[in-house]
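In the working numbering, the protein residues as written are 852 to 1230. Where is the CB? At the ideal position from N, CA and C, for every residue including glycine. Fair warning: this is a prediction, and the values are worked out from it, not measured in the lab. Below is one structure, written out as structure tokens; the observations come after it.
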Amino acid sequence: MSLVLVTGGAGFIGSHTVDLLLEKGYEVRIIDSLQPRVHPRGKPTYVPADIEFIQGDVANRADMERALRGVDYVFHMAAYQDYLPDFSTFIHTNTESTALIFELAVSDPDRFPLRKLVVASSQSVSGEGKYSCDAEGTVFHPDPRPPDQLQRGEWDIQCPTCGSTATPLLIDEATCSNPGTTYGVSKYALELLAFNLGRRYGIETAAMRYTYVQGPRNSFYNAYSGIARRFALRIRAGLPPVCYEDGLQRRDYVNVRDVARANLIALENPLSNGLALNVGGGRAVTVLEFAGMMLDASGSNLEPMVPGEYRLGDTRHTVSDLTRMRSLGWEPRTPVEDNVRQYLEWLDTQVGTDEYLLEAERVMKEMGVVRKADRLARP
Ligand SMILES: NC(=O)c1ccc[n+]([C@@H]2O[C@H](COP(=O)([O-])OP(=O)(O)OC[C@H]3O[C@@H](n4cnc5c(N)ncnc54)[C@H](O)[C@@H]3O)[C@@H](O)[C@H]2O)c1
Ligand SMILES: [Zn+2]
């Protein structure tokens, strides 16, 4: 039987991947630091009691020597993910840990017989994505929107040569220039490391570029504002959900169980070898539409608010092209409305959530992440 290590296996995507691996008969080991912001109450009860669990740091050599011994396959899901300006932590936890996995596997193949590494990457490696200028018939990959443009409340991507409003295109895997955040850079760098070192040392790799993953077990304790958490907690507190920019940003939200299925396909199907793979929901939903779904599912008659706030580093329209994963036989199955319902059910099983909302928003504003534009968005 193959032994699979899941780093970050106590987390959201990692734990659903663990469940599916066990269902399919794999032997599973977890390494997870139980990062206090994600797991303020310690090891979650959904982590199976009868599998090996190492509490350790993926960027620590001694911890990873323990975790990787005898392992055939690794899902590298542990990561530092936040909106806060502690830049070096992203590179240390996300990128260095990937290099360390190869370092160990290459140094002692008998102790560390790694055959394939599937890494959690992110749609954020694609930055602002891919656009066309209809006036000029050109396709381009925009830079992050300049802070002064956002401060003026001009949200749309403009053509860099003629200045007209550009049209968003689906983001394919070739779209990987210009990640707009340190998190995105850490993920792009770990992809490059994995592909290069994997090719050189005969270790197969695949990099999963998830969009916005939703569903049960999504931790709501850190300041990284998952939209589902922010909206749900505000609605529970009797407050309207606040949409950043003009609320017309398009996203494709994907369910965590669909993501776990994609992970297993990437592990088992050799056609994934050496590839980045987009994993998204396949349906463009605006932030305002998403707020509406949350309000409907909560039975609330509040209206979403659009006060003209924005966050530096946010992207405008990001919808992934799923052609590549579809060619491997994968399709997202869960409608966004079900993500919302599942998330609210999960939230109801949690206690003590309300106090975290105001605290998280206070921290974000304090760190200069959420800003208010000089004027409201154009109608
Ligand atoms: N959730 C999303 O929408 C999304 C989108 C794109 C990419 N991703 C990526 O998918 C992966 C899983 O994300 P998630 O949503 O399940 O996050 P999560 O926070 O729920 O899970 C991550 C787990 O990693 C653990 N961890 C953090 N730092 C660690 C360290 N130094 N050593 C060991 N364990 C550590 C945490 O304790 C946690 O259990 C991450 O790599 C993330 O960057 C997630
Ligand atoms: Zn143009």
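One thing to note: V1191 has its Cβ within 8 Å of the Cβ of M1145. Cβ neighbours of S948 within its own chain (closer than 6 Å, five residues either side excluded): V909, A910. The straight-line gap separating the alpha-carbon atoms of A1224 and A950 is approximately 40 Å. Proximity of the segment 1167-1182 to the segment 1032-1040 falls short of the contact definition, fewer than three beta-carbon pairs being nearer than 8 Å. Beta bridge pairing from DSSP links Q886 with no other residue. Taking a contact as a CB-CB distance under 8 Å, the pair D1103 and R1080 does not count as one, their CB atoms being some 18 Å apart. Distance from the CA of S973 to the CA of Q906, rounded to the nearest whole angstrom, comes to 25 Å. Within the segment 1080-1148, the runs of alpha helix (DSSP H) that reach at least 4 residues and sit entirely inside it are, in chain order, 1107-1119. Shown here, L935 sits in coil according to DSSP, grouped into three states, outside any helix or strand. In this structure, L1126 sits away from I1054, with a CB-CB distance that is not shorter than 8 Å.
By the criterion of at least three beta-carbon pairs nearer than 8 Å, the segment 1000-1017 is in contact with the segment 984-992. Here the segment 1104-1121 makes contact with the segment 1177-1185; the two share three or more CB pairs at distances below 8 Å. When C-alpha distances from R996 are compared across A1017, D985, A1083, L1021, the shortest belongs to A1017.
Listed in chain order, the non-local C-beta contacts of C984 below 6 Å within the same chain comprise C1010, A1017, local neighbours out to five positions each way being set aside. Of the candidates H867, L1021, L955, Y1061, Y1061 places its Cα closest to the Cα of V1130. By the Cβ test, the segment 870-887 is in contact with the segment 896-905, since at least three Cβ pairs between them sit closer than 8 Å.
Residue pairing for C1013: DSSP places it in no beta bridge. The alpha-carbon separation between R1177 and Y1063 amounts to approximately 18 Å.
With contacts defined as CB atoms closer than 8 Å, A929 and T1033 fail to qualify as a contacting pair. Checking the 7 Å criterion, the Cβ of T1018 is out of range of every heavy atom belonging to ligand 1.
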